[in-house]
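The structure appears below as structure tokens.
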Amino acid sequence: MRSIINHLIQLQELTLIRDEQRSIKGASADLSELNKNIDAMTQSLSPEARALYTRLYKKDHIVLAPTNNGCCSMCGMKLAISQLQSVKQCNALTPCPGCARVLYDPTGAKWVADSPKRSEGERKVGIARFSSPALMIPDLKGSTPEEVIAELTNCLQEAHFIDNADKLTEAAIARETIFGTGIGHGLAFPHVRGIEGGGLALAFGVSKKGVPFGGAKEGLAHIIFFSTIPTAVSAFYLKLLAGLTDSFVKESNAKAAIEATTQEELWKVLTKATRYSVK
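As structure tokens, this is what we get:
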């Protein structure tokens, strides 16, 4: 049964990658290879699992939900002990009693920062809801996607957003092998989905020399955004992705980011560039 869960997780990730490409490139996106892989993975499921996946997919592209602190990470339903044991033992596909998604026990890095309380301080708006000056790296040193991703995940760990940068790096690199996150225009958006227990977090790094992220037809990535994405905000991430892309395909914003020399300068560039594109 665990192999079926893993198969469904991979299939869900492919469909979400397709959604990402549509969000960035619109109708011009060439998704033929992705569609071929998605169709092949869907057809290779057992008839029962395929019927379940198809039924859930028609309602929402998130068909599986990791558990977090005894709850479904998508709808927040508190799970009975017997249900949690069933999920951990993985002897059968266990549906959430609230949203009907298939539950699974996640592994990997965890969100560790305290969730912000609305009553504390000034209400954050725009990009400040997901990032901060502490998550800015104005001069990435790495020459490969693996090295750059490690710098960005270490930044998140040092800022106490996640508990294990190495696990996060491993997951992000695995995600890159499925479909590269470079989109051209000098931009790349490596990320990891399923970091439960907190909110979306965004680290922003600039490579002066450029890094060869896959996915784009040509060119190096100089502007690199790394995100940790709780499953429940996968749909919102598409809007954030589109907003960041719209902002930094503009030459003036990209040039300002590359010329920034401090965290504070890069943060000002990010907040100014996304003032109207990220709500």
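Residue numbers for the sequence shown follow our numbering, beginning at 330 and rising by one. Heads up, the beta-carbon is just placed ideally off N, CA and C, and yes, glycines get one too.
In terms of CA proximity to residue 381, 424 leads the group 529, 478, 405 and 424. The continuous alpha helix (DSSP H) containing residue 474 extends over residues 474 to 487.
Check the Cα spacing between residue 512 and each of 577, 402, 362 and 532: the tightest is with 577. Between the C-alpha atoms of residue 331 and residue 415 there is a straight-line separation of about 12 Å. Under the DSSP assignment, residue 605 falls outside any alpha helix (DSSP H); it carries neither an H nor an E label. Less than 7 Å divides the Cβ of residue 394 from the Cβ of residue 401. Distances from the CA of residue 473 to each of 519, 335 and 370 were compared; the closest alpha carbon is that of 519.
If you keep only unbroken alpha helix (DSSP H) runs of at least 4 residues inside the stretch 382 to 426, you get 410 to 418. Contact between residue 345 and residue 367 does not hold, since the beta-carbon distance rounds to 11 Å and is not under 8 Å. Residue 551 sits buried, since 16 or more C-beta atoms from the chains shown fall within 10 Å of its C-beta. Of the candidates 390, 378 and 369, 390 places its Cα closest to the Cα of residue 347. Bridge partners of residue 336 according to DSSP: none are assigned. Following the DSSP letters along the chain, one finds residue 537 inside the beta strand (DSSP E) bounded by residues 530 to 540. Across the set 340, 334 and 333, the C-alpha of 340 shows the shortest separation from the C-alpha of residue 504. By the C-beta criterion, the stretch 454 to 466 is judged to be in contact with the stretch 525 to 532, since at least 3 inter-stretch pairs fall below 8 Å. By the Cβ criterion, the stretch 483 to 500 is not in contact with the stretch 559 to 568, since fewer than three pairs of Cβ atoms, one from each stretch, lie closer than 8 Å. Its Cα nearest to that of residue 351, the residue 564 stands out among 564, 378, 587 and 601. The C-alpha of residue 549 is placed about 5 Å away from the C-alpha of residue 540.
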